[in-house]
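Structure first, then comments.
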Ligand code: NDP
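In the UniProt record's numbering, the protein residues as written are 1 to 249.
Printed below as a string of structure tokens:
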């Protein structure tokens, strides 16, 4: 089935939402560029996509490496540019503020905010020049509501929401669409980034949102929402989409 055309760059494509989105976009006609640090996972995913008839390239990339992000943006520009950006790389090492895990705060700001901005910068001039493109930032329900024990993570996702909406308004004049996708709890590897033991137990243990038997969203649920957003007629810009598991308040 071909709903999409052009090139889609997906950051954080090595697992979870990024990997599921890569598969659905490739299946629906996009040429996908998969980037992340874990290239073995990207290699496996790319083989799966190609076996299913999709077109795919993989690129090792740490989104906190500003120069490397810019270089990949330039490389993709010489290949004809990026039509769709799925700005998805992120991490969530939750802990109480009183613990003072400043290195983890900095890491979240570096990846979830600064990395997202570097990637936007790598594609935006090309999109603006062509007056065509769609930037999909992966925010969170934690960018709408602040949760206890998640101050810095929520701060980064509130920032993603603000950046997305401001850019959406600015980009009207150069024909680029911008969407903030705001998932509730999704069963992915995200909770593995939590290193504070009590928080990890509360979140992944019995009764936690990310407990093995929790009836939360699957990465494919978010990937379908992204496909919906991308397949709207050009006159439509879904500015933000909040998707929770039915059981999440
Ligand atoms: P995963 O942990 O499965 O995926 C995170 C991805 O981010 C991985 O592919 C990882 O790749 C990549 N990543 C992390 N750090 C970097 C870095 N420095 N450079 C490049 N890539 C990096 O979790 P999800 O799929 O759940 O997370 C995807 C996005 O969805 C995140 O932004 C997250 O905040 C958001 N989200 C997730 C929710 C959930 O409940 N799961 C809810 C709301 C939002 P690698 O390690 O190979 O570099």
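Positions of the beta carbon are idealized from the N, C-alpha and C atoms, including for glycine.
By DSSP, does residue i sit in helix, in strand, or in coil?
i: residue 121; result: helix
i: residue 47; result: helix
i: residue 60; result: strand
i: residue 199; result: helix
i: residue 110; result: helix
i: residue 169; result: helix
i: residue 188; result: coil
i: residue 249; result: coil
i: residue 69; result: helix
i: residue 20; result: helix
i: residue 159; result: helix
i: residue 127; result: helix
i: residue 225; result: helix
i: residue 42; result: helix
i: residue 210; result: coil
i: residue 204; result: helix
i: residue 236; result: coil
Would the C-beta of residue i count as close to the ligand NDP, meaning under 7 Å from any of its heavy atoms?
i: residue 213; result: no
i: residue 93; result: no
i: residue 138; result: yes
i: residue 62; result: yes
i: residue 38; result: yes
i: residue 71; result: no
i: residue 17; result: yes
i: residue 25; result: no
i: residue 249; result: no
i: residue 28; result: no
i: residue 32; result: no
i: residue 68; result: no
Pull up the DSSP beta-bridge partners for residue i, would you.
i: residue 84; result: 8, 134
i: residue 274; result: The requested residue 274 does not occur in the structure, where the chain is confined to residues 1 to 249.
i: residue 183; result: 243
i: residue 177; result: 134
i: residue 36; result: 60
i: residue 293; result: With the chain covering 1 to 249 only, the question about residue 293 has no answer from this structure.
Is residue j closer than 8 Å to residue i when the C-beta atoms are compared?
i: residue 120; j: residue 135; result: yes
i: residue 194; j: residue 186; result: no
i: residue 127; j: residue 160; result: no
i: residue 63; j: residue 111; result: yes
i: residue 222; j: residue 243; result: yes
i: residue 179; j: residue 113; result: no
i: residue 224; j: residue 24; result: yes
i: residue 14; j: residue 38; result: yes
i: residue 76; j: residue 32; result: no
i: residue 2; j: residue 95; result: no
i: residue 172; j: residue 17; result: no
i: residue 6; j: residue 89; result: no
i: residue 8; j: residue 97; result: no
i: residue 190; j: residue 79; result: no
i: residue 211; j: residue 205; result: yes
i: residue 153; j: residue 142; result: yes
i: residue 4; j: residue 35; result: no
Please indicate yes or no: does the CB of residue i lie closer than 7 Å to some heavy atom of the ligand ZN?
i: residue 159; result: Ligands present in the displayed structure are limited to the ligand NDP, and the ligand ZN is not among them.
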